[in-house]
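Here's the structure, in structure tokens; my notes come after.
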Ligand SMILES: Nc1nc2c(ncn2[C@@H]2O[C@H](COP(=O)(O)OP(=O)(O)OP(=O)(O)O)[C@@H](O)[C@H]2O)c(=O)[nH]1
């Protein structure tokens, strides 16, 4: 494994602020994209299909005057399957101990029952300040953004009225980077005065294994999201140094299982003569290599785990 040494910053100013920030919002509102845009590195997985973010993945912003630890939560939604229920529990747990919450609402969709559901949850679950972030402002004209800001303000007054509505409302685009600095400043204001919580250089405190699983999942879903809606789980079984390698030419064996629900899905993942599996490997390999800081041999196996989304035993085994 890569053993870079991370160092804690000691020259921080007296009024340095550090703390945890969690993004919440319906699926697909741009939470992962915003996390990536803020942290500046790919730490969470984005897609144009909802609910790809299954794990809580953190990115850390190391700034001159602050350190912001971003906790990217899965889309909070009404639970339909057991998996959904577990995701919601995870969201509740995450919200219980963050310093600031950023509630994302897209500029290009009217506020709906899903947003209200989340706002009500926030009112009940947390005392932390809630900043409303109006996302994807590049997709609509200015007057539409203005209208959405008013609607969001009204939502805050109605549901979080007891605490004076949303702590702030900030329009942003994670694609054009518009207003990201403004959002950062607003977040910092709400963090406690505290020394840095994490050493410099660290982009994620999730195990590298989880990041690797996400990369492979993303590569595997590329182009086949329609056929494999939420039926793919990736488990990294082991990462071990290959024996008998010269010291200056190490190689890591990365052994991975991809779990699908049905044999038809297995066929889709593997592709004709293994062609898709090869493709998945070539997309994922360079990214994994970068994370581990070493050449790798990527060993991908596809297995069927029936109805894993509804089976508690399988869910435990797959780490949900
Ligand atoms: N034009 C535009 N598109 C965006 C922006 N932010 C996100 N998107 C797109 O919106 C889609 C969903 O973004 P994600 O970041 O995956 O959304 P999410 O809220 O993390 O979704 P879940 O993981 O399902 O909860 C992707 O196709 C993004 O490329 C933005 O600022 N502008």
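In full-length UniProt numbering, the protein residues as written are 1 to 320.
Ideal placement from N, C-alpha and C gives every residue a C-beta, glycine not left out.
{"Asked": "Secondary structure of residue 67, DSSP reduced to three states", "Found": "strand"}
{"Asked": "Heavy atom of ligand 1 within 7 Å of residue 181 beta-carbon", "Found": "no"}
{"Asked": "Cβ pair residue 63, residue 92 closer than 8 Å", "Found": "no"}
{"Asked": "Contacting residues, own chain, Cβ-Cβ under 6 Å from residue 219 (five flanking each side not counted)", "Found": "280, 283 and 284"}
{"Asked": "Alpha carbon of residue 264 to alpha carbon of residue 14, nearest angstrom", "Found": "60 Å"}
{"Asked": "Same chain, Cβ closer than 6 Å to residue 168, five either side skipped, listed in chain order", "Found": "131 and 186"}
{"Asked": "beta-carbon residue 175 near ligand 1 non-hydrogen atom, thresh 7 Å", "Found": "yes"}
{"Asked": "Check: residue 59 C-beta below 7 Å from any heavy atom of ligand 1", "Found": "no"}
{"Asked": "Assigned secondary structure, residue 238 (DSSP; H/G/I helix, E/B strand, else coil)", "Found": "strand"}
{"Asked": "Nearest residue (CA-CA) to residue 224, options 195, 176 and 276", "Found": "276"}
{"Asked": "Residue burial classification, residue 181 (beta-carbon count within 10 angstroms, cutoff 16)", "Found": "exposed"}
{"Asked": "Residue 255 to residue 71 span [Cα, whole Å]", "Found": "27 Å"}
{"Asked": "Anticipated Cβ contact below 8 Å, residue 159 with residue 119, distance rounded", "Found": "4 Å"}
{"Asked": "Sequence-distant residues of the same chain with beta carbon closer than 8 Å to residue 49, five excluded per side", "Found": "Below a pLDDT of 50, predicted positions are generally treated as unreliable, and residue 49, at 39, falls in that range; the measurement from the model is reported next regardless. Contacts found: 28, 221, 225 and 229."}
{"Asked": "Inside the stretch 118-191 only - beta strand (DSSP E) runs reaching at least 3 residues", "Found": "130-135 and 168-171"}
{"Asked": "Cross-strand partners of residue 105 (DSSP beta bridge)", "Found": "134"}
{"Asked": "Whether residue 115 touches residue 242 by CB criterion (8 Å)", "Found": "no"}
{"Asked": "6 Å Cβ shell around residue 136 - same chain, five flanking residues per side excluded", "Found": "30, 106, 107 and 108"}
{"Asked": "Residues near residue 151 in its chain [Cβ-Cβ closer than 8 Å; skip 5 each side]", "Found": "110 and 111"}
{"Asked": "Local Cβ density within 10 Å of residue 196, reported as buried at 16 or more and exposed below that", "Found": "buried"}
{"Asked": "Burial state of residue 35, where buried means 16 or more other Cβ atoms lie within 10 Å", "Found": "buried"}
{"Asked": "Distance cut-off 7 Å: residue 138 Cβ against heavy atoms of ligand 1", "Found": "yes"}
{"Asked": "Distance, residue 231 Cα to residue 51 Cα", "Found": "Note that residue 51 has pLDDT 39, beneath the 50 cutoff, so the model's placement of it is unreliable and the number below is only indicative. Each residue's Cα considered, the two are about 11 Å apart."}
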